[in-house]
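Asks:
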Amino acid sequence: MNVIIEFAVSVLILLGAVFALLGSIGLARLPDFFTRLHGPTKATTLGVGAMVLASAIYFTATQPGVSLHEIAVMVFLFITAPVTAHLLAKAALHRRGDRQPSPHPSPASGRGGNGDGRLFRSGNDCPLSLRERVGERDEVTQRQEEVK
Amino acid sequence: MRRLFPRPALSVAIFLLWAALANAASLGMLLLGAVLALALPFVSKPFWPDAPRLARPGTMLTLAARVVLDIVIANGAVARRVIGPVARLEPAFVEVPLDLRDPFVATILASIVSLTPGTVSIDVDQESWVLCLHALDAPDPAALIREIKQRYEAPLKEIFTC
Amino acid sequence: MLTIAVEIGFVLIGLAMALNLWRLVRGPDATDRILALDTLTINAIALLVLFGIRAGSSAYFEAALVLAAMSFVGTMALCKYLLRGDIIE
Chain R
0 MNVIIEFAVS
10 VLILLGAVFA
20 LLGSIGLARL
30 PDFFTRLHGP
40 TKATTLGVGA
50 MVLASAIYFT
60 ATQPGVSLHE
70 IAVMVFLFIT
80 APVTAHLLAK
90 AALHRRGDRQ
100 PSPHPSPASG
110 RGGNGDGRLF
120 RSGNDCPLSL
130 RERVGERDEV
140 TQRQEEVK
Chain S
0 MRRLFPRPAL
10 SVAIFLLWAA
20 LANAASLGML
30 LLGAVLALAL
40 PFVSKPFWPD
50 APRLARPGTM
60 LTLAARVVLD
70 IVIANGAVAR
80 RVIGPVARLE
90 PAFVEVPLDL
100 RDPFVATILA
110 SIVSLTPGTV
120 SIDVDQESWV
130 LCLHALDAPD
140 PAALIREIKQ
150 RYEAPLKEIF
160 TC
Chain G
0 MLTIAVEIGF
10 VLIGLAMALN
20 LWRLVRGPDA
30 TDRILALDTL
40 TINAIALLVL
50 FGIRAGSSAY
60 FEAALVLAAM
70 SFVGTMALCK
80 YLLRGDIIE
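Protein chains in written order, with numbering that gives the first Met the number 0: chain R, 0 to 147; chain S, 0 to 161; chain G, 0 to 88.
#1: On the DSSP letters alone, give me the boundaries of the beta strand (DSSP E) that Glu-162/S sits inside.
#2: For Asp-69/S, report the span of its beta strand (DSSP E) as first-last.
#3: Do Ala-19/R and Ala-35/G have their CB atoms nearer than 9 Å?
#4: Going along chain S, which residues have a C-beta under 7 Å from Ala-53/R?
#5: Please identify, using Cβ separations under 8 Å, the residues of the stretch 68–94 of chain R that lie next to chain G, in order along the chain.
#6: Please confirm if Val-34/S has its CB atom under 9 Å from at least one CB of chain R.
#7: Specify, as a first and last residue, the run of the beta strand (DSSP E) that Ser-120/S falls within.
#8: Buried or exposed, going by whether 16 or more other CB atoms sit within 10 Å of the CB of Val-77/S?
#9: Look at the alpha carbon of Tyr-80/G and the alpha carbon of Gly-46/R, and state the distance between them as a whole number of angstroms.
#10: Any beta carbon from chain G within less than 9 Å of Val-10/R's own beta carbon?
#11: For my contact list, Thr-40/R and Val-93/S are in at a C-beta cut-off of 8 Å; report their separation, rounded to the angstrom.
#12: Going along chain S in order, which residues have a C-beta closer than 8 Å to the C-beta of Ile-24/R?
#13: Which of the three DSSP states, helix, strand or coil, is assigned to Ile-129/S?
#14: Spell out the partners DSSP gives Ala-134/S in its beta bridges.
#15: Report the neighbours of Gly-38/R on chain S: residues whose CB is nearer than 7 Å to its CB, in chain order.
#16: Can the beta-carbon of Met-50/R be found closer than 9 Å to that of Ile-12/R?
#17: Under a Cβ-count criterion, where at least 16 other Cβ atoms within 10 Å of its own Cβ denotes burial, should Thr-2/G be classed as buried or exposed?
#18: Measuring only from the beta carbon, is Glu-69/R closer than 8 Å to any heavy atom that is part of the ligand MN?
#19: Which whole-angstrom value is the C-beta distance of Phe-159/S and Asp-101/S, which I expect to be below 8 Å?
#20: Tell me the residue span of the alpha helix (DSSP H) that contains Val-65/R.
#21: Using the C-alpha atoms, what's the distance from Phe-41/S back to Thr-106/S?
Now the structure itself:
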């Protein structure tokens, strides 16, 4: 195998592994669910994408013919990641709306200070269902603060 | 022609995906892919929403290149924030009023927003056309709104003429 | 060079999966756990791809593909369950 190809594959593998790890660090470290959502949906997806690309280059170089099917996995991951994030965010909003404050607050939320997302309203065009849920969420946050 | 290929773009996508999955190994596999590319859009025609017409494929390629570049570059920025002091982050729910009026294009925009680091789209309201998203670190939400509208929504509107 | 890169990759992905596992156990909410599970499977895909490169066999790829499809469908089903209390309406 060519030295340049080997170098490129190694760099892609390391880059991918680092990004996958960063996404997981974000998942473990960040203070509340919505911030946690950011790490895995992007960094990890990019990391695995880079790694799959490395695999495609490697097998194209070492085996007869081109190895394209890794690209299919990459496309699949990049299409499904936003859908997963969207549905998880919706589920989280839904649950925050109809639940009391969690009896076991996350250990990280204290460290993060105002860990819950700050709500920014631009005009009154906020989607109604979301406003209701987010409104309830604000009450929950207030109640938590009162308890403290 | 139109009746044979109800959705040409979908047919091409299926054929390319099949070729990739089968590693473009043999003529027989490619032929099977062609049959699937013909049959699947035809069978699933009733399920698909009416997508707007693709007006400028060239702009689509530049937008795709820009999105890929943004994903790679902005991932580094997010990585710094994840490792750095978490308490200093300013997460925010941001509402972006949209100019486009098509569910299909709005879905594409929401997916792009989700994939570019720092933002996750949560909801698109199809009555008031507002994209609600969560930003990991947004000290200035107005700038974020402006950036999304300029960088992604304007080209999308151009591409699909809606 | 490649073997060293693959070994380092194994270590990093292993660490990432350990962190995912910690979040999976820790919670605190069901959505956090679903997210952790989803990330765990995505990292498992990376691990499988790495195994494939080390073994020089593309047979691992099929497993990675199946895992990708199953994790997506599984996450969707779990989210739907949380949203509606029901998976199939």
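Positions of the beta carbon are idealized from the N, C-alpha and C atoms, including for glycine. Owing to the predicted nature of the structure, the values given are computational and were not obtained by experimental measurement.
Replies: Taking the definition as stated:
#1: Since the first residue shown for chain S is 0 and the last is 161, residue 162/S is missing from the structure and cannot be characterised.
#2: Working through the second sequence from its first residue, we reach residue 69/S at position 70. Going by DSSP, Asp-69/S is part of no beta strand (DSSP E) but of the alpha helix (DSSP H) stretching over 56–82.
#3: Locating residue 19/R in the first sequence gives position 20, where the first residue counts as 1. Locating residue 35/G in the third sequence gives position 36, where the first residue counts as 1. Contact flag unset, no.
#4: Position 54 of the first sequence, counted from the first residue, corresponds to residue 53/R. Correct list: empty, because the minimum Cβ distance to chain S is about 15 Å.
#5: The residues in question are His-68, Glu-69, Ala-71, Val-72, Phe-75, Leu-76, Thr-79, Val-82, Thr-83, Leu-86, Leu-87, Lys-89, Ala-90, Ala-91, His-93, Arg-94.
#6: Along the second sequence, one-based indexing puts residue 34/S at 35. So, not an interface residue.
#7: Position 121 of the second sequence holds residue 120/S. That run of the beta strand (DSSP E) goes 118–124.
#8: Counted from its first residue, the second sequence places residue 77/S at position 78. Burial of Val-77/S is indicated by the presence of at least 16 other C-beta atoms within 10 angstroms of its C-beta.
#9: Locating residue 80/G in the third sequence gives position 81, where the first residue counts as 1. Locating residue 46/R in the first sequence gives position 47, where the first residue counts as 1. Tyr-80/G and Gly-46/R have their C-alpha atoms spaced approximately 29 Å apart.
#10: Here residue 10/R refers to the residue found at position 11 when the first sequence is read from its first residue. Any Cβ of chain G closer than 9 Å to the Cβ of Val-10/R would place that residue at the interface, and such an atom is present.
#11: As a working mapping, residue 40/R is identified with position 41 in the first sequence. As a working mapping, residue 93/S is identified with position 94 in the second sequence. Between Val-93/S and Thr-40/R the Cβ distance is about 17 Å, and since that is not below 8 Å, they are no contact.
#12: The residue labelled residue 24/R in the question sits at position 25 within the first sequence. Within chain S, the residues near Ile-24/R are Val-81, Ile-82.
#13: Along the second sequence, one-based indexing puts residue 129/S at 130. Looking at the sequence itself, residue 129/S is Val, so the reference to Ile does not match. DSSP places Val-129/S in strand when its eight states are reduced to three.
#14: Stepping through the second sequence from its first residue, residue 134/S is reached at position 135. In DSSP, Ala-134/S forms a bridge with Ala-91/S, Thr-118/S.
#15: The residue given as residue 38/R occupies position 39 in the first sequence. Taking a Cβ-Cβ threshold of 7 Å, the residues of chain S close to Gly-38/R are Val-81, in chain order.
#16: Working through the first sequence from its first residue, we reach residue 50/R at position 51. Working through the first sequence from its first residue, we reach residue 12/R at position 13. Result yes, Cβ atoms of Met-50/R and Ile-12/R sit closer than 9 Å.
#17: For the purposes of this step, residue 2/G is taken as the residue at position 3 of the third sequence. The residue in question, Thr-2/G, is exposed, as its Cβ has fewer than 16 Cβ neighbours within 10 Å.
#18: Judged by which ligands are present, the structure shown has none, so any question about the ligand MN falls away.
#19: Position 160 of the second sequence, counting from 1, holds the residue named residue 159/S. Position 102 of the second sequence, counting from 1, holds the residue named residue 101/S. Right, their Cβ atoms sit about 7 Å apart.
#20: Here residue 65/R is taken as the residue at index 66 of the first sequence, counted from 1. Annotation: Val-65/R is outside any alpha helix (DSSP H) and is labelled neither H nor E by DSSP.
#21: As a first step, residue 106/S must be located in the second sequence, where it is residue number 107. As a first step, residue 41/S must be located in the second sequence, where it is residue number 42. Thr-106/S and Phe-41/S: Cα-Cα distance of roughly 23 Å.
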